[in-house]
Every structure is written in C-alpha cells, then in structure tokens.
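Down below is the structure, laid out as structure tokens.
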Amino acid sequence: MLRIIRRAYGEASAVLGLAAISFAIVQLLGGAGIGWVGTILAWLPLTAYLGFIVLGRPSTRTRTLWPLLAVSGAGVVVAAFAGAVGIVIAVSGLAALSGYLFWYSRQARHPSALVVGSPLPDFPLSTVGGDRVRSSVLTERPQVIVFFRGSWCPFCTTQLRRLAERYRELEHRGVGVSLISPQPAADTAELATRFDVPMRFFGDPGGAAAAALGLTQTAGVPLLYGAGTNGDTVVPTVVITDAGGVVRWFDRSDNHRIRPEPAAFLAVLDREGITGPASQLD
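If you're matching positions, the sequence shown starts at 15 in the numbering used here and goes up one per residue.
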C-alpha cells in the first residue's frame with residue numbers, strides 16, 4: 015500500500031489540490047466567510063508548485079521551500095474562520111505539502127558500492143541501440159557519469175540541460191559525459207536527440223546497475239509515467255572517474271529536487287588534476 019501511495023503522491027496531491035481550491039471558490043461565490051480564502055491558500059502552494067515543475071524549469075538548488083510552507087501555514091490560520099470543514103481541508107493541504115517536501119522527495123540511502131579511491135564497480139548497461147555492455151565502457155577516459163531518473167522528471171531534464179551547456183568545458187579537459195537511466199529505451203533514445211552535444215546515453219534495463227551500486231529508489235516512478243518500468247528508479251547520482259577508471263568523487267542526492275551544478279564537476283576535475291585525451295572540438 016505504501017508503494018502505491020508513494021507512486022501516486024504527486025498526481026493525487028494535484029487532483030486533491032484542484033478539488034479543494036475549486037470547492038473553496040464555490041463556497042466563496044455562495045457568500046461563505048473569508049475563512050475559505052484560507053483553504054485556498056493552504057492548498058495553492060503545493061498545487062501551483064506541482065504545475066510549475068511539470069510546465070516550467072524547476073530549481074535544482076532550493077532544498078526546503080519555506081515560503082510555500084509559510085503561505086500554506088497562514089492559510090490554515092485563516093481557515094479557522096471557515097469552520098470545521100474548512101479547517102480540515104486546509105490542514106490537509108499543509109500536510110500534503112509537508113509530505114511532499116519531507117517524505118516524497120527524500121531519496122533512499124542504501125549502502126553504496128561507490129567508494130572514492132576505488133575502481134568503478136562492474137555493472138551492466140545497454141546502449142541506445144540496445145546492445146548490452148558493461149561499465150568498463152565508462153573507463154576509456156575520465157568521465158562525468160550521471161544517473162538520472164528519466165525524461166519524465168523535470169529536475170532531471172533541467173540537470174541534463176545545464177550539463178549540456180557546459181559540455182565543451184568538460185570536453186576540452188578530455189573528460190567524457192555518460193548519462194544512465196532505467197527508463198524505457200525508447201524514452202532514452204528520444205531524449206538523446208534533444209541535445210546538440212555528443213553526450214553518451216545508456217539504459218539500465220530493470221535497474222540492474224542501480225541495484226549493483228546501491229542506488230535503487232523503490233517506487234520512485236509516478237504512476238502516470240510507469241509504463242515499461244516496475245515502478246522503481248535510481249537515486250540521482252553523479253560520479254567522476256579518472257583516466258584509470260577510479261572513482262574520485264561522487265554525489266548521491268538525498269532529495270530528488272536537489273542536484274549538483276556543473277560548476278562543481280569542473281571544480282573537482284581541476285582540484286584533482288583529472289584530464290584525458292586532447293579534445294577534438296574546435
């Protein structure tokens with residue numbers, strides 16, 4: 015049951031939010047008191063935020079959205095004038111927002127097979143064309159390896175877009191970029207066409223690579239986007255390896271909304287003196 019709740023949390027919150035706001039508007043139009051404005055304020059932050067991340071370009075830097083919590087909390091106070099029903103609806107909105115920020119967006123923290131100073135572990139992958147390969151293909155030169163949830167995730171596409179914008183800086187250092195996702199192969203193939211830089215895309219069929227590295231996020235795929243998966247995904251993670259395939263740095267997100275910036279990757283490469291073959295770019 016908890017698995018279904020987690021997978022449906024985003025969609026259910028959006029639907030409930032729209033329903034609560036609509037109900038409150040009907041009450042206001044019918045001459046109900048100002049307290050019903052509070053129920054709207056309690057649900058509006060989460061509902062608007064969910065709409066923004068789907069339609070817009072969400073921030074991958076802000077950990078706790080305190081302004082949203084403040085507005086929702088203020089809504090609960092105002093809803094006290096709407097009576098018991100209004101209060102219950104408003105408190106539900108604040109609870110849903112809190113659940114999203116402090117539970118739903120939190121990522122699993124399994125023991126990881128990634129160890130700084132040790133070789134990149136062996137794990138299976140597939141190319142965009144469907145060929146099965148091993149992680150040894152990632153050790154031909156220094157790499158920035160990004161495990162991302164899928165093209166359905168706005169935070170992931172924002173992360174990849176920023177990485178593409180800085181790709182030439184990485185390439186001029188002789189560092190490759192490899193992107194790995196457990197999403198269906200067709201989705202990965204389509205995503206690869208969105209960028210005009212030669213980042214390499216790989217699939218992780220069945221999440222075998224994520225499991226081998228301790229990066230599995232159980233029930234992390236929303237029901238709306240679950241076709242072709244078992245509902246599990248990967249904890250967003252970035253790994254930097256040197257020319258010998260040794261892990262020199264990695265970042266495993268504890269919140270799916272937070273991702274390290276490309277500037278952090280460049281700083282690690284410069285600090286560790288990691289370079290590869292001369293770039294072929296102009």
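The beta-carbon is built from N, C-alpha and C at its ideal position, and this holds for glycine as well.
- The alpha-carbon of Gly144 is positioned some 47 Å away from that of Ala56.
- Non-local C-beta neighbours of Pro59 in its own chain, meaning closer than 7 Å and more than five positions away in sequence, comprise Leu82, Val85, Ser86, Leu111, ordered along the chain.
- Spanning the alpha carbons of Ala34 and Ala222 requires a straight line of approximately 41 Å.
- A contact between stretches requires three or more CB pairs, one per stretch, nearer than 8 Å, and the stretch 167 to 187 meets this requirement with the stretch 275 to 286.
- Annotation: the continuous beta strand (DSSP E) that includes Gly190 extends over 190 to 195.
- For a cut-off of 8 Å, the C-beta gap from Phe169 to Thr74 is around 5 Å, short enough to register as a contact.
- For the options Trp263, Asp210, Val92, His270, the alpha carbon positioned closest to that of Gly47 is the one of Val92.
- Among the bridge pairs identified by DSSP, Arg285 is matched with none.
- When secondary structure is reduced to three states using DSSP, Ser132 falls in the coil class, being assigned neither helix nor strand.
- For Gly24, the closest alpha carbon among the candidates Gly259, Arg266, Ala233, Ala178 is that of Ala233.
- Assignment of Asp268 by DSSP, reduced to helix, strand and coil, places it in the coil class.
- Secondary-structure assignment with DSSP links Leu139 through a beta bridge to Val147.
- Between the beta-carbon of Gly100 and that of Thr53 there is about 5 Å, and that keeps the pair under the 8 Å contact cut.
- Pairing Val90 with Gly107 gives a Cβ-Cβ distance under 9 Å.
- In this chain, the alpha helix (DSSP H) harbouring Arg21 covers 16 to 43.
- Nearest C-alpha to Arg123 among Ser149, Asp268, Thr202, Gly31: Asp268.
- The shortest CA-to-CA distance from Gly131 to any of Ala109, Ala257, Asp284, His270 is the one to Ala257.
- Counting along the chain, Gly217 sits inside no alpha helix (DSSP H); it lies in the beta strand (DSSP E) bounded by residues 214 to 217.
- Residues of the same chain with a CB within less than 6 Å of the CB of Gln157, apart from the 5 flanking positions on each side, are Gly190, Ser192, Thr255 in chain order.
- Nearest neighbour of Pro291 by Cα position, chosen from Asp136, Arg155, Tyr239, turns out to be Arg155.
- About 5 Å separates the CB atoms of Ser195 and Gly164; that is less than 8 Å, so the two are in contact.
- In its chain, beyond the 5 residues on either side, Trp50 have a beta carbon closer than 6 Å to the beta carbon of Gln41.
- Residue range 49 to 69 is occupied by the alpha helix (DSSP H) that includes Val51.
- Annotation for Val99: no beta strand (DSSP E) segment contains it, though the alpha helix (DSSP H) segment containing it runs 97 to 113.
- Under the 10 Å beta carbon count, Val68 is surrounded by fewer than 16 other beta carbons and is classified as exposed.
- Secondary structure of Thr251 (DSSP, three-state): strand.
- For Phe169, the uninterrupted alpha helix (DSSP H) run begins and ends at 168 to 179, by DSSP.
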